[in-house]
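Taking it in order: structure first as structure tokens, then the write-up.
Residue numbers (this note's numbering): 3 to 143.
Structure follows, in structure tokens:
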């Protein structure tokens with residue numbers, strides 16, 4: 003095996019291979035097979051292609067550690083794009099600072115698109131507008 007995508011695809015061929023996501027609060031622990039995660043990643047890769055993402059483009063990802071993060075990360079890699087993980091806002095008190103830093107990081111990586119969940123996507127539109135490239139924001143969660 004040569005790279006991370008090949009390792010991910012190899013793991014997906016083993017039906018005993020899985021990932022567990024620890025629940026918090028009212029959210030239960032979830033278990034996914036690597037095949038399930040690969041299927042999600044393939045859907046994301048198709049959506050990214052439809053949005054004009056090509057090999058070498060940077061894809062910003064603002065998601066918590068979740069099946070959706072795996073799908074976004076590997077979905078970008080499956081089409082040869084470069085996934086760039088960014089942290090979600092932690093506290094509302096630092097939201098303005100987070101917006102500024104996130105816009106700076108998106109500019110420095112020249113992100114073409116930004117992937118978020120349904121809660122963050124609407125907030126990130128304003129962040130994307132502060133950047134030079136103004137990446138599209140898509141919601142995958």
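Cβ atoms here follow ideal geometry from the backbone N, Cα and C, with glycine treated the same way.
Residue j beta carbon less than 8 Å from that of residue i
i: residue 137; j: residue 62; result: yes
i: residue 73; j: residue 142; result: yes
i: residue 64; j: residue 90; result: yes
i: residue 113; j: residue 60; result: yes
i: residue 55; j: residue 115; result: yes
i: residue 124; j: residue 83; result: no
N-terminal and C-terminal residue of the alpha helix (DSSP H) that residue i is part of
i: residue 37; result: 36-52
i: residue 13; result: 6-14
Beta-carbon proximity list for residue i, same chain, < 6 Å, skipping 5 on both sides
i: residue 37; result: 14
i: residue 2; result: Because residue 2 is not part of the residues shown, which for the chain are 3 to 143, the question remains open.
Closest Cα partner of residue i within the set the options
i: residue 122; options: 101, 34, 84, 16; result: 101
i: residue 41; options: 115, 53, 80; result: 80
i: residue 108; options: 87, 119, 32; result: 87
i: residue 39; options: 119, 124, 23, 4; result: 23
i: residue 66; options: 26, 98, 110; result: 26
i: residue 120; options: 99, 70, 103; result: 70
Neighbourhood of residue i by C-beta, 8 Å cutoff - its chain only, sequence neighbours within 5 removed
i: residue 51; result: 81
i: residue 7; result: 76, 79, 80
i: residue 45; result: 73, 77
i: residue 135; result: 108, 109, 112, 113, 114
i: residue 17; result: 35, 37
i: residue 32; result: 22, 23, 25, 69
Boundaries (first-last residue) of the beta strand (DSSP E) holding residue i
i: residue 98; result: Where residue 98 is concerned, there is no enclosing beta strand (DSSP E), although the alpha helix (DSSP H) it sits in stretches over 97-111.
Close Cβ partners of residue i (< 7 Å) along its chain, the five nearest in sequence each way excluded
i: residue 47; result: 77, 80, 81
i: residue 68; result: 23
i: residue 126; result: 64, 116, 118, 139
i: residue 53; result: 115, 138, 140
i: residue 19; result: 13, 35, 36
i: residue 105; result: 129, 132, 133
i: residue 97; result: 91
Test: residue i CB closer than 8 Å to a CB of chain D
i: residue 140; result: Of the chains in the structure shown, none is chain D; there is only one protein chain.
* Which residue spans inside the stretch 52-81 form an unbroken alpha helix (DSSP H) run of at least 4? -> 69-80
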